[in-house]
Amino acid sequence: MIVVDTNVIMSFLLTNGITHQLIAAHKDVFITPEYCFEEIWEHKEVWNKKKLPDNELREIINGIRQLFIYPVSEDVYKVKLDEASKLIDDPDDVPIVALALAVHNEGVWTYDTKHFFTEKLQKHIKVLNTSDVIKLYPIQEK
Numbered sequence: 801m802i803v804v805d806t807n808v809i810m811s812f813l814l815t816n817g818i819t820h821q822l823i824a825a826h827k828d829v830f831i832t833p834e835y836c837f838e839e840i841w842e843h844k845e846v847w848n849k850k851k852l853p854d855n856e857l858r859e860i861i862n863g864i865r866q867l868f869i870y871p872v873s874e875d876v877y878k879v880k881l882d883e884a885s886k887l888i889d890d891p892d893d894v895p896i897v898a899l900a901l902a903v904h905n906e907g908v909w910t911y912d913t914k915h916f917f918t919e920k921l922q923k924h925i926k927v928l929n930t931s932d933v934i935k936l937y938p939i940q941e942k
């Protein structure tokens, strides 16, 4: 199981590249705090370049939640929020770190090198880049 950061979900949502391929090929592997889907929705004006109506956006996001990336309730990781807040500077990333601390996982997949790839944090959780994820879960050639 891999915890994914909001930026990985956004890449899955907006592109058809390697991130999309990895997640689509391994549907039962990825989890994220419920908060990440809320964050995506809150910033829809920024990324919804096609100006899709809200009902279509909800369908797309719900499809991702149901089929590809499992949202985890704060109840699962709330006991780790305080510890997580001491390990990472960005408050938006605290739920992701807390989830990684609370459940057995292979690491956090993120593109956020500034906040996640710190020595302090990596003493507590494994931080993965896309190459790491490919090594763990290769995409089978057709």
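In the numbering used here, the protein residues as written are 801 to 942. Just so you know, even glycine gets a beta-carbon here, dropped at the ideal spot from N, CA and C. Everything numeric in this text was worked out from a predicted model, so none of it was measured.
Apart from the five residues just before and just after Pro-949, which ones in its own chain have a Cβ nearer than 6 Å to its Cβ? Limits of the chain in this structure are 801 at one end and 942 at the other, which puts residue 949 out of reach.
Helix, strand or coil for Thr-832 per DSSP? Along the sequence shown, one-based indexing puts residue 832 at 32. Reduced to three states, the DSSP call for Thr-832 is strand.
Is Trp-909 buried or exposed, if buried means 16 or more other CB atoms sit within 10 Å of its CB? If you number the sequence shown from 1, residue 909 lands on position 109. Classification of Trp-909: buried, given that the 10 Å Cβ count is 16 or more.
Helix, strand or coil for Val-903? Go by DSSP, reduced to three states. For the purposes of this step, residue 903 is taken as the residue at position 103 of the sequence shown. Correct three-state label for Val-903: coil.
Evaluate Phe-917 with the Cβ neighbour count: other Cβ atoms within 10 Å of its Cβ, from every protein chain shown; 16 or more gives buried, anything less gives exposed. Here residue 917 is taken as the residue at index 117 of the sequence shown, counted from 1. Phe-917 should be labelled exposed.
What is the DSSP secondary structure of Ile-809, reduced to helix, strand or coil? Here residue 809 refers to the residue found at position 9 of the sequence shown. In this structure, Ile-809 counts as helix in the three-state DSSP scheme.
Rounded straight-line distance, which links the Cα of Asn-855 to that of Gln-922: For the purposes of this step, residue 922 is identified with residue 122 of the sequence shown, where counting begins at 1. For the purposes of this step, residue 855 is identified with residue 55 of the sequence shown, where counting begins at 1. Cα-Cα distance, rounded: 39 Å.
According to DSSP, Val-804 sits in a beta bridge with which residue or residues? Walking along the sequence shown from the start, residue 804 turns up at place 4. Looking at the DSSP assignment, Val-804 forms a beta bridge with Trp-909.
Mind checking whether Val-879 and Val-903 have CB atoms under 8 Å apart? By one-based count along the sequence shown, residue 879 stands at place 79. By one-based count along the sequence shown, residue 903 stands at place 103. No, these two residues do not count as a Cβ contact at 8 Å.
For Asp-890, does the count of other Cβ atoms within 10 angstroms reach 16, so buried, or fall short, so exposed? Counting from one through the sequence shown, the residue named residue 890 turns up at place 90. Burial call: exposed.
Own chain, CB closer than 8 Å to Pro-871, minus 5 neighbours either side, in chain order: Reading the sequence shown from its first residue, position 71 is the one you call residue 871. If we look at Pro-871 and ignore the five residues flanking it on each side, its Cβ neighbours are Ile-831, Thr-832, Pro-833, Glu-834, Cys-836, Phe-837 and Arg-865.
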